[in-house]
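Undergrad: Dumping the structure here so I can ask a few things about it.
Residue numbers (our numbering): 487 to 641.
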């Protein structure tokens, strides 16, 4: 294999940065909206937001929309349509909106979309979330290890 092919393939394997700047701006029963800057840390080799970053953003936003019903959930299935690229711009932000369209006992279906800074829909996704627990006030609030460490350090 030619060296330029190997290097080009290696360049596709890189860190994604910027997830620590996401903000949940709206949370209503059955709906969540997250905004995040379209920073260079999310860039792919074509200088658009990496599809994997968009998928993760949609996944987290969909989970939040389902959790708004007090349902702890995991992704069972997802489908993505990438309609337009989201340009990298450190001064702009993209918006992800997730709306529950079926609120079942064991599964919940969520329609999610990502809009660029101009409001153009760039990604449409559908998620099926599996319900693992109905949360009550006595249950431990789910969090990542990083969130838990930050909470422990603050106390």
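Idealized CB from N, CA, C, for every residue including glycine.
Computed from a prediction, not measured in an experiment: that's the story for all the values here.
(1) From which residue to which residue does the alpha helix (DSSP H) around residue 535 run?
(2) Drop a sphere of 10 angstroms on the beta-carbon of residue 507, count the other beta-carbons inside from all chains shown, and report buried for 16 or more, exposed for fewer.
(3) Excluding the five sequence neighbours on either side, which residues of its own chain have a C-beta within less than 8 angstroms of the C-beta of residue 568, listed in chain order?
(4) On the CB-based measure, 16 or more other CB atoms within 10 Å of its CB, does residue 583 come out buried or exposed?
(5) Among 563, 521, 555, which residue has its Cα nearest to the Cα of residue 505?
(6) Name, in chain order, the residues that DSSP records as bridge partners for residue 582.
TA: Let me lay it out:
(1) Residue 535 sits at position 49 when you count from the first residue of the chain shown. Looking at the DSSP string, residue 535 is not in any alpha helix (DSSP H), and its letter there is neither H nor E.
(2) Looking up residue 507 in the chain shown gives position 21. Its Cβ having fewer than 16 others within 10 Å, residue 507 is exposed.
(3) Residue 568 sits at position 82 when you count from the first residue of the chain shown. Taken in chain order, the residues that qualify are 537, 540, 608, 609.
(4) As a working mapping, residue 583 is identified with position 97 in the chain shown. Buried: at least 16 other Cβ atoms inside 10 Å.
(5) Counting from one through the chain shown, the residue named residue 505 turns up at place 19. Of the listed residues, the one whose Cα sits closest to residue 505 is 521.
(6) As a position in the chain shown, residue 582 is number 96, starting the count at 1. Beta-bridge pairing links residue 582 to 520, 600.
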